Each structure stands twice: as C-alpha cells, then as structure tokens.
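This report refers to the structure that appears directly beneath it.
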Amino acid sequence: MLGKSIGIDLGTKRIKYYRKGDGIIFDQENCIAIENREEIRAIGDEAAEMVGRTPETIEVIYPVNRGVIANVSAMELLFNTSFDRLYGKAKRASGTSFVIALPTDITEVEKRSFADLIHKSGIKPKNVSLVDKPICVAMAAGLDIMKAKGVMTVDVGADTTEIAIIALGGIVRSRLLPIAGNKFDESICNYIRQKCALVIGKSNAEQLKMGIAGALSGQSLTMQVNGRDVVTGLPKRIEIESDIVYEAIKEDLKSITENIKSTLEHIPPEVSSDIIDAGIYVTGGSALIGNFDKLLNAETNLKINILEDPQDSVINGLGKLIDDDNYKTLPYIYRQPGYSVNLRNVNNGIAKKK
Ligand SMILES: Nc1ncnc2c1ncn2[C@@H]1O[C@H](COP(=O)(O)OP(=O)(O)OP(=O)(O)O)[C@@H](O)[C@H]1O
Numbered sequence: 001m002l003g004k005s006i007g008i009d010l011g012t013k014r015i016k017y018y019r020k021g022d023g024i025i026f027d028q029e030n031c032i033a034i035e036n037r038e039e040i041r042a043i044g045d046e047a048a049e050m051v052g053r054t055p056e057t058i059e060v061i062y063p064v065n066r067g068v069i070a071n072v073s074a075m076e077l078l079f080n081t082s083f084d085r086l087y088g089k090a091k092r093a094s095g096t097s098f099v100i101a102l103p104t105d106i107t108e109v110e111k112r113s114f115a116d117l118i119h120k121s122g123i124k125p126k127n128v129s130l131v132d133k134p135i136c137v138a139m140a141a142g143l144d145i146m147k148a149k150g151v152m153t154v155d156v157g158a159d160t161t162e163i164a165i166i167a168l169g170g171i172v173r174s175r176l177l178p179i180a181g182n183k184f185d186e187s188i189c190n191y192i193r194q195k196c197a198l199v200i201g202k203s204n205a206e207q208l209k210m211g212i213a214g215a216l217s218g219q220s221l222t223m224q225v226n227g228r229d230v231v232t233g234l235p236k237r238i239e240i241e242s243d244i245v246y247e248a249i250k251e252d253l254k255s256i257t258e259n260i261k262s263t264l265e266h267i268p269p270e271v272s273s274d275i276i277d278a279g280i281y282v283t284g285g286s287a288l289i290g291n292f293d294k295l296l297n298a299e300t301n302l303k304i305n306i307l308e309d310p311q312d313s314v315i316n317g318l319g320k321l322i323d324d325d326n327y328k329t330l331p332y333i334y335r336q337p338g339y340s341v342n343l344r345n346v347n348n349g350i351a352k353k354k
C-alpha cells in the first residue's frame, strides 16, 4: 500500500477517495454524527440517515459548506475516522501522495485548510497536491486539457455551481455560485409550505427533486410526499405534480443560466469560437434534473454535453490524472506546513519555493 497515490474529492454532499490502481475506495455522505460534543456516533451514509431524527445529545454535521471546510474539527474527525476504517490506523497511509480536488474560486487560506487536513491527521504523506475541480471535470470528459483550445465546464453540485473556462491546462476564468442542489431543496420546502400548506423536511424535498423535478415545465409527473399540515399540525400525505417542483426551483435555475451567459459574455472571442465548436460540458449531481440540457441549450444556443455519471466526474477525472504520469505537472504541490508556497499559482499548476 505504501507509496500509492490517493485522490480526494471533499464535496459538500459526498466524500470520495480514489486509490491509484484500485479505483474508488470510499464514497459516502460527507457527514458526521457526534454525541455529547465529543464521541463519534457515526460517519458517512450512516450519519446522514440520522438527519432530522436525532435527540438533543447528537449533532449531525456536514463539515463542508459552499465548497470549503466550514467546520475544521468535524472534518478532521471525519477524515481521520475514514482513514482508520480503510487502513486499520490512519497513519498506516504514510508514504502516500495525496491529490486533493478543490474549487478554484476560494481563498488561499481555504485552499490551505484542505492540505492541512492531511498534515494534521498523523499520516506522514509523501506529498500533498491540490488541483482545481474544473480540471478534473475536463479530464473526466476525456478532453485534452493541455491544448490551447478553450473548454467550458459547469459543475452543479450540492452547495455550489462552479463555472470555468480552461485552456492550456489552467483555469482562464471561473465563478463559484452558492446555488445548487441544496438551494433547490430549500426552495421546494418553502414553495410547498406556501402553496400546499404542508411542511416537509429537506430530505423529502430532495426525493421530490430527484423523482420529478424538471428544468422545463410540462413534465406531467406526480409523486407522493409526507409532511405536517400547516393548519392542523397533523402528519399528512399529499400528491405533488412536477410543475409545482419546477415552479419552486425555476428562479434558482435562472440564476445559474444567467451566470453562465454572463461568463460567456466576458471571454476572448477565440475562446468563444472554441466553445461554439465543442459546446459546454455540464456535470455534478444536480445536472441530473430532467431537461437541464434542454434549458441550457435554449438559453445559450450552444451544444450541451452532460457527462456520464455526473456525480462522479470530479473523482473519475482525478483518478485519470493520478493514473497517468503525463499529467504529473498539473497538480500543485503543497508541502509541509511552514514551507512557504505561492498558492496564487494553483491555477496553472506551478509551485514556487520562496
Ligand atoms: N437524480 C437527481 N436529480 C436531481 N438532483 C440530484 C439527483 N441526484 C443527485 N442530485 C443532487 O446532486 C447534489 C450532489 O451532487 P454532487 O455529488 O455533485 O455534489 P458535491 O460535489 O458533494 O457538492 P459541491 O460540488 O457543492 O461541493 C445533491 O444536491 C443531490 O440532491
């Protein structure tokens, strides 16, 4: 095991590890349940099952918010426990090269906190590198990212939508929007409360979204949902039509399409012409919403390529990157804490020792 490379995707919703030669070795909800403020009750999918059902002594935490580590101690506990489970003891993963995928448009301190996670875990890594998520998405799409041709990627995840333009293996332009699947769930809860007088939980809203949400109206699907009647306060089950869910999320979808259009308006004409030829590469779990490609095509007049297995694009692209030595120069090497590095160069893969 010693010396193997591991790719890490710490998404807002899911946490995934890819080990060179072995493929995906961990894929769970990025969630931890802590009892009495100190004892780990559950991690991953088991912890996520507890959401909304816990007594006061148990806190269920998703440590990554809006693409960055928002609760460092919970993230450290979750990371260390996951590696304890994989290796018996996390420090047995010492000697491994780690490559962490992260959003482009975050601060240097936020970037550093991803690498610190490994340095503080007791694992003695061979090295820790960071790579921009849009690069992984383009790799998953099978694109030759080292070429001069411009590529546009849109990753609609749980908390964030990341819009990026890539050329010559680097990010030319990027935007990180705080609108994606979780915001859709929230909008569905609010709309159903207003229109149907029913209070539903976020996980029920997510099921409605996955079952019958569409990015265009007129899908004519229905699904039953359980909740609490606003008037009587009693549990109630009602049938919801897909157009209700569409109405709930249409403003969120509009914000995403408006941002894609305004990104397109601000790129050099040469890159525009590349994007006309190839279209936009769209991924992330929320890209699975019905007719999302049709909505984007109607709004941009561009070809829309929805990636296969969109929820796994980042980890699959990261896997390709660590499996292929030709891309060795792409990830940005982050060394031990105290080693002075120029994080501004993370976007073009250059590490500089000051
Ligand atoms: N079939 C589906 N239809 C609609 N939404 C879906 C579907 N399947 C998954 N999702 C949504 O996709 C989101 C998770 O996507 P993904 O795994 O790409 O996020 P992430 O990488 O963890 O988040 P982020 O990119 O914000 O850090 C969730 O909001 C989930 O509800």
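First residue of the sequence shown: 1, per the numbering used here; consecutive thereafter. Backbone N, C-alpha and C fix where the C-beta goes; we use that ideal spot for every residue, glycine too. Fair warning: this is a prediction, and the values are worked out from it, not measured in the lab.
Could you tell me if residue i is buried or exposed, where buried requires 16 or more neighbouring beta carbons within 10 angstroms of its beta carbon?
| i | result |
| --- | --- |
| I43 | buried |
| E29 | buried |
| S5 | buried |
| N204 | buried |
With DSSP collapsed to three states, give me the class of residue i.
| i | result |
| --- | --- |
| I238 | strand |
| S356 | Here the chain comprises residues numbered 1 to 354, so residue 356 is not present and cannot be evaluated. |
| Y62 | coil |
| V358 | Here the chain has residues from 1 to 354 only, and residue 358 is not among them. |
| T283 | strand |
| L176 | strand |
| I306 | strand |
| A70 | coil |
| V225 | strand |
By how many angstroms is the C-alpha of residue j removed from the C-alpha of residue i?
| i | j | result |
| --- | --- | --- |
| G368 | D132 | Nothing about residue 368 can be reported from this structure: the residues present for the chain run from 1 to 354 only. |
| I188 | A248 | 5 Å |
| A70 | H266 | 31 Å |
| L295 | A141 | 21 Å |
| A180 | T104 | 17 Å |
| D312 | T232 | 43 Å |
| I244 | G285 | 21 Å |
| I34 | A278 | 47 Å |
| M1 | R19 | Its pLDDT being 39, under 50, M1 is placed unreliably by the model, and the measurement read from it follows with that caveat. Near 10 Å, if we compare the C-alpha coordinates of R19 and M1. |
| I315 | E308 | 13 Å |
| R193 | A48 | 24 Å |
| N297 | V99 | 34 Å |
| T222 | L168 | 46 Å |
| P125 | V64 | 23 Å |
| I208 | V137 | Note that residue 208 corresponds to Leu in the displayed sequence, not to Ile. Near 27 Å, if we compare the C-alpha coordinates of V137 and L208. |
| D9 | F114 | 10 Å |
| T355 | I61 | No statement about residue 355 is possible, as the shown extent of the chain runs from 1 to 354 and does not include it. |
| S220 | C196 | 18 Å |
| V282 | V156 | 8 Å |
Quick one: measure Cβ to Cβ for residue i and residue j, integer angstroms, because I've assumed they're closer than 8 Å.
| i | j | result |
| --- | --- | --- |
| G214 | N305 | Incorrect: roughly 19 Å between the Cβ atoms, too far for contact. |
| L102 | M75 | The pair is not a contact, with the Cβ atoms about 13 Å apart (cut-off 8 Å). |
| F26 | I15 | 7 Å |
| L357 | I106 | Residue 357 lies beyond the stretch modelled for the chain, which goes from 1 to 354, so this question has no answer here. |
For chain B, check one thing: does any of its Cβ atoms lie closer than 8 Å to the Cβ of residue i?
| i | result |
| --- | --- |
| E46 | Of the protein chains in the structure, only one exists, and it is not chain B. |
Item to check | Ranges of the alpha helix (DSSP H) found wholly within the stretch 184–221, counting only runs of at least 4 | outcome: 202–212
Checklist entry - Where in the stretch 128–164 do unbroken runs of the alpha helix (DSSP H), each at least 4 residues long, occur, reported from the N-terminal end onward? => result 133–140
Checklist entry - What alpha helix (DSSP H) runs, 4 residues minimum, are completely inside the stretch 24–52? => result 44–48
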